[in-house]
Amino acid sequence: MRTLGKGVKFIAVVAIIALVVAGAWWLWNRAEHKTITAEFASTKGVYPGDSVRMLGVDIGAITDIKAEDGKSKVTMEIDADQPVPADADAVLVAQSLVAERFIQLTPAYDGGEQIHDGAVIPTDKTAIPVEWDEIKNELMSLSTALGPTDDNPDGTLSDFVDASDEMFDGNGQRARRTLEELSSTMETLSQGRTDLFSTVQNLQLFVSALSNSEDQIVAFSGRLASVTDVLNESTGDLDNALIDLDVALQDVDRFLGNNSDKITRGVDKLGQATNVLRDRREEVENLLHVGPTAMANFYNIYHPYQGTLNGVLAPQWLSNPMQFVCGAIQAVANNTAQSDAQLCQSYLAPMLNQIAMNYPDVKLATPRTPTAAADQIDNGQKPGTQTPPGVQPPSDSPAARGNDVEAGADLTSLLSPGGGR
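Heads up: the sequence shown at position 272 corresponds to 272 in full-length UniProt numbering, and the numbers run straight through without jumps.
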């Protein structure tokens, strides 16, 4: 019994030691590794023990693969001190057809939250390579579709080659130029990619502005609908207006047809007049510049206070009539103009110089008109004020009176109102 008791104790001690070692190893392993599960659509060619990498560097290994719910769940252990982003993707990489496969975690960690122990990477964040069998099946399907059939013994590919031969026959230079122009176009697009991106950004800003202006767009659409309703309700009036417009246009067409020659001549004459105005632009400008002043001066010739016309004739040519007459003869510009001008100066100059004057001594009898009344004058010369010498004072009576001129003893008294001055 003692021997049996010692054996039981020995087994119990060994079991306890084993449990302690296993627990210590498990705690050490959890401290040194993180366990991650990734769900793949398929795990063909990958097995437990295959490596897990990031940027091509081993950071762990596959510990278990099992199928569950139509997916393959791959359990991986990675180094605990290796930072992996929390939103990492898992990609099954096949370097060649026969080489071993591995799982690549991407992207590399560059800050932020790290993936935690026990995390699961779902199917939408995993990817698998295209299998050679799938490629082979697709190629077989393509070759069968392009190959000969009962309806087309030559095959679709043969027809395509024949059609291409007919299309490019004799058009090699054109095809070459087309490819060169296409290459230039692609190069231009490549050089202007910055502007292209700016255009896309501006388009995005425009779309954002439209989105932010939704209320205004809805209001504009409502107003446009209202205008459309008004136009729809006024269809009859619009039809009548268009009919009247059509009649008016027909009348205009008949008028233009019957008077086209006259209109043409009128437009030509108008063009000639316009050309004259254009050629005489400086004279017209001077006339418009001086004309208002001249008209105002002419208006000021009449003085209602005295009932007289006051003004001085100042023809410029009277100051030198010899130059005016002889210069006009010389301006004829014929063969004898120079000699005729010299003869004018020799024979007519003495006589013409006799009538030279700055202002001609011309006087006119003033018209018999009523003078202004006292209350109609606003120039400081009111009745009772001092009147300048030689000026007839205004009447004290508000009634207008005639401009009576008494006959004098000489011609000057008759021609000058109020007597000689």
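For glycine and all other residues, C-beta sits at the position ideal for the given N, C-alpha and C.
| Item | Value |
| --- | --- |
| Mind reading off the beta-carbon distance from threonine 63 to methionine 76? Whole number of angstroms is fine, and I expect it under 8 Å. | 7 Å |
| Give me the Cβ distance between valine 57 and isoleucine 78, rounded to the nearest whole Å; I'm assuming they're in contact under 8 Å. | At roughly 11 Å, the Cβ-Cβ gap does not stay under 8 Å, so valine 57 and isoleucine 78 are not in contact. |
| Count the other CB atoms, across all protein chains shown, that sit within 10 Å of the CB of lysine 269; report buried if there are 16 or more and exposed otherwise. | exposed |
| Does the separation of the CB atoms of leucine 249 and leucine 238 fall below 9 Å? | no |
| Out of curiosity, what's the CA-to-CA distance linking serine 208 and asparagine 202? | 10 Å |
| For methionine 357, which residues in the same chain have their Cβ closer than 8 Å to its Cβ, ignoring the five residues on either side in sequence? | Leu318 and Ser319 |
| For histidine 303, which residues in the same chain have their Cβ closer than 8 Å to its Cβ, ignoring the five residues on either side in sequence? | Leu309 and Asn310 |
| Valine 57 lies in the beta strand (DSSP E); which residues open and close that run? | 57-68 |
| Excluding the five sequence neighbours on either side, which residues of its own chain have a C-beta within less than 7 Å of the C-beta of proline 48, listed in chain order? | Ile62, Thr63, Asp64 and Ile65 |
| Closest by CA to threonine 123, which one among Asp251, Lys73 and Asp133? | Lys73 |
| Bridge partners for glutamate 77 per DSSP, in chain order? | Thr35 and Ala61 |
| Find out if the Cβ-Cβ distance for the pair leucine 92, glutamine 104 is shorter than 9 Å. | yes |
| So which of Ser211, Ser42 and Arg193 has the shortest CA-CA distance to isoleucine 128? | Ser42 |
| Are lysine 125 and aspartate 89 touching if we call contact CB-CB under 9 Å? | yes |
| Ignore the nearest five residues each way along the sequence and tell me which others in aspartate 340's own chain have a CB closer than 6 Å to its CB. | Ile329 |
| With H, G and I counted as helix, E and B as strand and the rest as coil, what does DSSP make of histidine 303? | strand |
| For isoleucine 115, count neighbouring C-beta atoms within 10 Å of its own C-beta (all shown protein chains included) and say buried if the count is 16 or more, exposed if not. | buried |
| Could you tell me which whole alpha helix (DSSP H) segments of length 4 or greater appear in the stretch 143-190? | 156-168 |
| In this structure, how does DSSP classify arginine 280 when only helix, strand and coil are distinguished? | coil |
| Please report the distance separating the alpha-carbon of cysteine 326 from that of valine 284. | 29 Å |
| Shortest alpha-carbon distance to aspartate 117 belongs to which of Met322, Lys34 and Leu157? | Lys34 |
| Across which residues does DSSP place glutamine 114 in a beta bridge pair? | Pro85 |
| Identify whether methionine 295 lies in helix, strand or coil by the three-state DSSP scheme. | helix |
| Assuming proline 360 contacts leucine 313 under a Cβ cut-off of 8 Å, what Cβ separation, rounded to an integer in Å, is found between them? | 5 Å |
| Using DSSP with H/G/I as helix, E/B as strand and the rest coil, what is leucine 348? | coil |
| Tell me whether isoleucine 16 sits in a helix, a strand or coil according to DSSP, three-state version. | helix |
| Over what stretch of residues does the beta strand (DSSP E) that includes serine 198 continue unbroken? | Note, serine 198: premise wrong, no beta strand (DSSP E); alpha helix (DSSP H) at 193-212. |
| Pull up the DSSP beta-bridge partners for phenylalanine 102, would you. | Val93 |
| Using the Cβ count rule (16 or more neighbours within 10 Å means buried), how would you classify isoleucine 301? | exposed |
| How far does the alpha helix (DSSP H) with aspartate 252 in it extend, from its first residue to its last? | Strictly speaking, residue 252 in this sequence is valine, with aspartate absent from that position. Note, valine 252: alpha helix (DSSP H), 235-258. |
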